[in-house]
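Q:
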Amino acid sequence: MKRRGLMLVLMVLLAPVHGWAQAPILRDPGIFHPVVATKGMVATQHRLASEVGARILSQGGNAVDAAVAVGFSLAVVLPRAGNLGGGGFMLLHLAEDNKTLAIDYREMAPAAAHRDMFLDQSGQVDSDKSRFSHAAAGVPGTVAGLIYVQEQYGLLSLQQVLQPAIEQAEQGFAVTHDLSSKLQAYKHLKNNPATRAAYFKQGGEAYQAGEILRQSDLAWSLKQIQMQGGEAFYQGAIAERLVAEMQRAGGLITAEDLANYKVVVRDVVRGDYRGYGIASMPPPSSGGVHLVQMLNVLEQAPLGQYGYGSADAMHWMAETMKRAYADRSKHLGDPDFVPVPVAQLTSKDYGRYLFGQIDGERATPANEVHPAEHFDHESRDTTHYSIMDAEGNAVANTYTLNFSFGSGITVPGTGILLNNEMDDFSAKPGVPNAYGLLGAEANRIEGGKRPLSSMTPTIVFKGDKPWLVTGSPGGSRIITTTLQAIVNTIDHKMNVAAAVSVPRFHNQWLPDKVFVEPGFSPDTVKLLELRGHGVKQVRGMGSAQSIMWEDGVFYGAADPRKPDAAAVGL
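Each position in the sequence shown, counted from 1, maps to that position plus 444 in the numbering used here.
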């Protein structure tokens, strides 16, 4: 980073903020404390990207400008999840018009994709082909999505918001311990010559922490976008290199697929929970639908009285999760191809019905929980970031390559890693994907279709003002991570730092287990087991970079599960 940028960050972090004495959270004697500011907040999975967002806000940009700059920056400094070759979802609240938009820039299946493309001669799913081949890549949407929101809602030029990422790629940045360990662990990355050249030293050795990683090919791609906008990626020089690589190695993406990619603005999924408004992502994300569905069930239970981490609270939440994921397996898909019963799944009546199906003392076995049959007419290495500005604009953005480093394949000469999002389709209905999630006909592979996702960028409103901006990576655990961030703040009255730091748990119907992070009481675990829950301890779940705004003060929280995450305020 240039000296000027470093000085900006130090000023941001050290400058006194008027009004802090009135902020009640600062008098909270708790264990977890948020970053506090009054002019804006950026929370991402990498400190360098958070600093980029703060830099853009300080230059007069709004939350959208900062979000676009962060998106391109993460493509450089967080290559396992930040991306130009993937896609995602953005929830955007515009204060001036008091409206919230859902921006769908999810990858699309190439036109030549078909239902049985990942089945071998015996009719079984070839998981290597669906995850680690050129055919695993959907048509990327990230560049189109970021440029769309920049042109429509940003204040600065595309050239200005791209410049920090270009500097990071050209000048390089210090590799963190986390990135170094990932490069050492993911040995298959060396199998692809372009990936090996981009992310490893000569001789194939992984970069060590503190060494400088420069990405000249990625800088070239970013400069092409800076000069020509989305045309560079979808019709210009980048497109030519991507298509040539597809033709060379049996991929399906064509020049026509790239030229035909479209960003879609969709209707926000809305709900309310104990007087707070909920706005989240609609299909082809399953996140918003099932988040609201679960909140409608849990609103009937006195979670606050039960207390955080109690067997009662965890039982009701796990049983609710189980039923939502059962519905996900049957009803969710791309709404441009299949009817999705959003209104019915998110109705208060259905929430009350599901609440009545739960035994408060015993877990219902998974084989006795079934998706709703009829109504009357969704990588762990995804990444999420949240941004708010002083004008009241808010952005919750979740984007991904699917797996860590996607398919591990880099397009030669571009520095761009390819996604393996085609694995998010149901390669064979009834066969779980890499995250253990079942899918049905609604999520089968079809050309031009967008695969089902669990990404859940969410904004919680108090009155008509954004109060909490949150979301998470985590594959199938994204939705339940976001759910717990909301329950922890509303029901358990936690500050935002505590809400995203305390242990989490997860139930996704199948397998029939409650997965728990370390930190829950052994007594609670025993009580859950006595109620019939199978309990299994796992490592950290998700990374809920979040921001809360209250009484003119921003509270930012970087989830400690990701060692390089940071919240930076103005």
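Here a beta-carbon is modelled for each residue, glycine too, at the ideal position from N, C-alpha and C.
Between A507 and M832, how many whole angstroms is the CB-CB distance? I'm expecting something under 8 Å.
A: In the sequence shown, the residue the question calls residue 507 occupies position 63. In the sequence shown, the residue the question calls residue 832 occupies position 388. So it is a contact: roughly 6 Å between Cβ atoms.
Q: Below 8 Å, can you find three or more Cβ-Cβ pairs linking the segment 513-532 to the segment 570-580?
A: Counting C-beta pairs closer than 8 Å gives fewer than three between the segment 513-532 and the segment 570-580, which falls short of the contact rule.
Q: Per DSSP, what kind of secondary structure is W993 in: helix, strand or coil?
A: Residue 993 sits at position 549 when you count from the first residue of the sequence shown. Three-state result, W993: strand.
Q: How many whole angstroms separate the CB atoms of I930 and V904, which I take to be in contact at a CB cut-off of 8 Å?
A: For the purposes of this step, residue 930 is identified with residue 486 of the sequence shown, where counting begins at 1. For the purposes of this step, residue 904 is identified with residue 460 of the sequence shown, where counting begins at 1. Correct: roughly 6 Å between the Cβ atoms.
Q: By DSSP, does D868 sit in helix, in strand, or in coil?
A: In the sequence shown, the residue the question calls residue 868 occupies position 424. In the structure shown, D868 adopts helical secondary structure according to DSSP, grouped into three states.
Q: Rounded to whole angstroms, what is the Cα-Cα separation between E890 and A556?
A: Position 446 of the sequence shown, counting from 1, holds the residue named residue 890. Position 112 of the sequence shown, counting from 1, holds the residue named residue 556. Distance between the alpha carbons of E890 and A556: 8 Å.
Q: Suppose only complete runs of 4+ residues qualify. What are the alpha helix (DSSP H) ranges in the segment 686-756, listed by chain order?
A: 699-703, 731-742 and 747-750
Q: Report the residue from M485, E865 and T827 whose alpha carbon sits nearest the alpha carbon of R524.
A: The residue given as residue 524 occupies position 80 in the sequence shown. For R524, the nearest C-alpha among the options comes from T827.
Q: Anyone know if the C-beta pair for V733 and T790 falls short of 8 Å?
A: Counting from one through the sequence shown, the residue named residue 733 turns up at place 289. Counting from one through the sequence shown, the residue named residue 790 turns up at place 346. The answer is yes: Cβ separation under 8 Å.
Q: For I903, which beta-bridge partners are listed by DSSP?
A: The sequence position of residue 903 within the sequence shown is 459, counting from 1. Note: I903 sits in a beta bridge opposite A723 and V913.
Q: For N527 versus Y843, is the C-beta distance shorter than 8 Å?
A: As a first step, residue 527 is located in the sequence shown; it is residue number 83 there, counting from the start. As a first step, residue 843 is located in the sequence shown; it is residue number 399 there, counting from the start. Yes, the pair counts as a contact, with Cβ atoms nearer than the cut-off.
Q: Would you kindly report the start and end of the unbroken beta strand (DSSP E) that includes G532?
A: Translated into positions along the sequence shown, residue 532 becomes position 88. Segment G531 to L538, the beta strand (DSSP E) holding G532.
Q: Have a look at Q679 and L974 and give me their C-alpha separation to the nearest angstrom.
A: Residue numbering aside, residue 679 sits at position 235 when the sequence shown is read from its first letter. Residue numbering aside, residue 974 sits at position 530 when the sequence shown is read from its first letter. Spanning the two alpha carbons is a distance of roughly 60 Å.
Q: Around the Cβ of S566, are there at least 16 other Cβ atoms within 10 angstroms (buried) or fewer (exposed)?
A: Locating residue 566 in the sequence shown gives position 122, counting from the first residue. Around the Cβ of S566, a 10 Å sphere holds fewer than 16 other Cβ atoms; the residue is exposed.
Q: Taking C-alpha atoms, which residue in M561, K626, A609 and S729 lies nearest to V784?
A: Within the sequence shown, residue 784 is the residue found at index 340, counting from 1. That would be S729, whose Cα lies nearest to the Cα of V784.
Q: With distances taken from CA atoms, which of G674, T764, R692 and A638 is nearest H950?
A: The count along the sequence shown starts at 1 and reaches residue 950 at position 506. The residue with the shortest Cα to Cα distance from H950 is T764.
Q: Helix or strand or just coil, what does DSSP make of A465?
A: Here the question's residue 465 lines up with position 21 in the sequence shown. With a pLDDT of 36 at A465, under the threshold of 50, the predicted position of this residue should be treated as unreliable, though the coordinate-derived value follows. In the structure shown, A465 sits in a helix (DSSP, three-state: H, G or I).
Q: When you compare each of I669, V979 and V521 to Q594 by their alpha carbons, which one comes out closest?
A: In the sequence shown, counting from the first residue as 1, residue 594 sits at position 150. Among I669, V979 and V521, the Cα nearest to that of Q594 belongs to I669.
Q: Just the Cα atoms here: how many angstroms apart are G585 and M561?
A: Within the sequence shown, the letter at position 141 stands for residue 585. Within the sequence shown, the letter at position 117 stands for residue 561. Going by the C-alpha atoms only, they are around 22 Å apart.
Q: Scan the segment 488-566 and note each continuous beta strand (DSSP E) run of 3 residues or more that stays entirely inside, going in chain order.
A: Entirely contained in the segment 488-566, the beta strand (DSSP E) runs reaching 3 residues are, in chain order, 531-538 and 543-549.
Q: Helix, strand or coil: how does DSSP classify Q1017 here?
A: Outside the shown range of the chain (445 to 1014) lies residue 1017, about which nothing can therefore be said.
Q: Determine, using beta-carbon pairs with one atom in the segment 959-971 and one in the segment 766-778, whether at least three such pairs fall under 8 Å.
A: no
Q: P876 and G582 - do their beta-carbons sit closer together than 8 Å?
A: Taking the sequence shown and counting its residues from 1, the one referred to as residue 582 is at position 138. Taking the sequence shown and counting its residues from 1, the one referred to as residue 876 is at position 432. Cβ atoms of G582 and P876: not closer than 8 Å.
Q: Hey, which unbroken runs of the beta strand (DSSP E) at 3 residues or more fall wholly within the segment 612-661?
A: none
Q: V486 to S502, Cα distance in whole Å?
A: Here residue 486 corresponds to residue number 42 of the sequence shown, with the count starting at 1. Here residue 502 corresponds to residue number 58 of the sequence shown, with the count starting at 1. Those two C-alpha atoms are separated by around 12 Å.
Q: Looking only at its own chain, which residues have a Cβ that is under 7 Å from the Cβ of R447, when we skip the five neighbours before and after it?
A: Here the question's residue 447 lines up with position 3 in the sequence shown. Per-residue confidence for R447 stands at a pLDDT of 37, beneath the threshold of 50, marking its modelled position as unreliable; the derived number appears in the next sentence. Nothing meets the Cβ criterion.
Q: Just to confirm, is the Cβ distance from A539 to E835 under 8 Å?
A: In the sequence shown, residue 539 corresponds to position 95, counting from 1. In the sequence shown, residue 835 corresponds to position 391, counting from 1. Taking 8 Å as the Cβ cut-off, A539 and E835 qualify as a contacting pair.
Q: Hey, how far is the Cα of S848 from the Cα of H621?
A: Your numbering for residue 848 matches position 404 in the sequence shown. Your numbering for residue 621 matches position 177 in the sequence shown. Their backbone Cα atoms lie some 16 Å apart in a straight line.
Q: Look up D833 in the DSSP assignment and say whether it is helix, strand or coil.
A: Along the sequence shown, one-based indexing puts residue 833 at 389. Correct three-state label for D833: strand.
Q: Alpha carbon to alpha carbon, how far is A546 from L536? Give it in angstroms, no decimals.
A: The count along the sequence shown starts at 1 and reaches residue 536 at position 92. The count along the sequence shown starts at 1 and reaches residue 546 at position 102. Rounded to whole angstroms, L536 to A546 spans 6 Å at the Cα level.
Q: In this structure, does DSSP put R417 in helix, strand or coil?
A: With the chain running from 445 to 1014 in the structure shown, residue 417 is simply not present.
Q: Looking at A609 and Y549, is the spacing between their C-beta atoms short of 8 Å?
A: One-based indexing of the sequence shown puts residue 549 at position 105. One-based indexing of the sequence shown puts residue 609 at position 165. No, the Cβ-Cβ distance between Y549 and A609 is not below 8 Å.
Q: Which of the three DSSP states is assigned to M485 in this structure?
A: Position 41 of the sequence shown, counted from the start, is the residue given in the question as residue 485. For M485, the secondary structure class from DSSP, reduced to helix, strand or coil, is strand.
Q: Is the beta carbon of N864 less than 8 Å from the beta carbon of R575?
A: Residue 864 sits at position 420 when you count from the first residue of the sequence shown. Residue 575 sits at position 131 when you count from the first residue of the sequence shown. Cβ atoms of N864 and R575: closer than 8 Å.
Q: With 16 as the cutoff for other CB atoms within 10 Å, does K893 come out buried or exposed?
A: Reading the sequence shown from its first residue, position 449 is the one you call residue 893. K893 is buried by the Cβ-count criterion.
Q: Since L845 and G529 should fall inside the 8 Å C-beta cutoff, what is the C-beta to C-beta distance between them, to a whole number of angstroms?
A: For this step, residue 845 is matched to residue 401 along the sequence shown. For this step, residue 529 is matched to residue 85 along the sequence shown. Yes, L845 and G529 are in contact; Cβ-Cβ is about 7 Å, under 8 Å.
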